[in-house]
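Before any comments, here is the structure.
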Amino acid sequence: MNPIRPAAVAGTFYPAQAAILRQNLQHHLHHAPAPPSGGQAASPWPKALIVPHAGYPYSGPTAASAYRSLASGRGKIQRVVLLGPAHRVPFRGIALSGADAFQTPLGALPVDHAGVTAIAQLPQVLELPIAHAQEHALEVQLPFLQEVLGPVSILPLVVGEASPREVAEVLDTLWDGPESVILISSDLSHYHPYAEARRIDNATVRQILHPDGTPIHHAQACGAIPINGLLQIAHRHRLQPRLLDLRNSGDTAGGRDAVVGYAAFAFFAESTTP
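Have a look at this one:
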């Protein structure tokens, strides 16, 4: 048996006490805007999400808008594939954790071993526990998943130096049906004055909603590589993106001299029935 990956940022990015954490999650979810209708989508919940990953006082309200859109999938969504950028350890490729489960104050989420087996032979995929050990980008998503979806399996992947095509190949391998959801963890621009950040982030939002092949750059989003991989495959699978929320740390819990941008997007699969 491989080890359980313990919570690394509980008590800093989010509360370490289970009761306080659950109260915090419920507060953010209660105040999040109502999710958009799936319309003519193949499923009432999105196939993919882009969600920010700062501390909950900063990006929690925006993240909650994404997770509220998954609520109708409780009991039906079985697996969440999470991809986020490497903040701590530089490496080439896309890293598996080698763990059997990820711990949070709310319990442990099991890693989907069938999914691990499906991608482990891809040349860009490696097992690198150190890339996961202190990485917050994926961990901060887990308590929200536990609160909204209950006991689901996860496939956490830290993305190092990789190409959008390599990310898209991993996502394509793990695509499956509506019971499997993809989550890209990314903030937007970092440490610009408030007005400049809003200008940069609005332009990034337009690129994501109306992609023309121009890649998102790291100055626009720390998760640019997984976002670009998602956009590549979203076009192929005819996913329709919708903006759920856009703000920055100057709107939530910080000053406005140097802010970090946060946006939440939902990608719905088009229905194939007339």
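Here the sequence shown is numbered in numbering that gives the first Met the number 0, starting from 0 and rising by one per residue.
Think of the CB as a built atom: it goes at the ideal place given N, C-alpha and C, for glycine as much as any other residue.
N-terminal and C-terminal residue of the alpha helix (DSSP H) that residue i is part of
{"i": "Q206", "result": "193-208"}
{"i": "L107", "result": "Correcting the residue type first, residue 107 is Ala in the shown sequence and not Leu. Unbroken run through A107 is the beta strand (DSSP E), 106-109; no alpha helix (DSSP H)."}
Three-way DSSP call (helix, strand, coil) for residue i in this model
{"i": "N274", "result": "For the chain, the structure presents residues 0 to 273; residue 274 sits outside this window and is missing."}
{"i": "G114", "result": "helix"}
{"i": "A6", "result": "coil"}
{"i": "T11", "result": "coil"}
{"i": "S58", "result": "helix"}
{"i": "V180", "result": "strand"}
{"i": "P273", "result": "Since pLDDT at P273 reaches only 47, below the 50 mark, its modelled position is unreliable, and the value read off the structure follows with that caveat. Looking at P273 - three-state DSSP - the assignment turns out to be coil, as it is neither helix nor strand."}
{"i": "R164", "result": "helix"}
{"i": "G72", "result": "helix"}
{"i": "A17", "result": "helix"}
{"i": "R91", "result": "strand"}
Cβ of residue i within 8 angstroms of any chain D Cβ
{"i": "F267", "result": "Note that chain D does not occur in the displayed structure, where there is just one protein chain."}
Other residues of its chain near residue i: CB distance less than 8 angstroms, five sequence neighbours each side excluded
{"i": "V115", "result": "L95, L154"}
Cβ shell of residue i (< 6 angstroms), same chain only, five flanking positions each side left out
{"i": "S68", "result": "P34, P45, A265"}
{"i": "P214", "result": "N227"}
{"i": "V8", "result": "H135, E138"}
{"i": "G260", "result": "L187, S188, A196, D200, N247"}
Same chain, Cβ closer than 7 angstroms to residue i, five either side skipped, listed in chain order
{"i": "D256", "result": "P192"}
{"i": "L245", "result": "D200, V204, A262"}
{"i": "L24", "result": "P142, F143, E146"}
{"i": "L208", "result": "P240, L242"}
8 angstroms Cβ cutoff met for residue i and residue j
{"i": "Q102", "j": "S152", "result": "no"}
{"i": "A119", "j": "V110", "result": "no"}
{"i": "E134", "j": "A62", "result": "no"}
{"i": "L182", "j": "V169", "result": "no"}
{"i": "P240", "j": "S42", "result": "no"}
{"i": "P142", "j": "L20", "result": "yes"}
{"i": "Y66", "j": "Y13", "result": "no"}
Limits of the unbroken beta strand (DSSP E) element including residue i
{"i": "G97", "result": "Here G97 belongs to no beta strand (DSSP E), and DSSP marks it neither H nor E."}
{"i": "P84", "result": "78-84"}
Exercise for review: Quick one: which unbroken beta strand (DSSP E) runs of 3-plus residues sit fully inside the region 201-257? Chain order, please.
Suggested key: Restricted to the region 201-257, the beta strand (DSSP E) segments that are unbroken, complete and at least 3 residues in length are 238-247, listed in chain order.
Exercise for review: Please specify which runs of the alpha helix (DSSP H), each continuous and at least 4 residues long, are wholly inside the region 119-167, giving them in chain order.
Suggested key: 128-132, 135-138, 141-148
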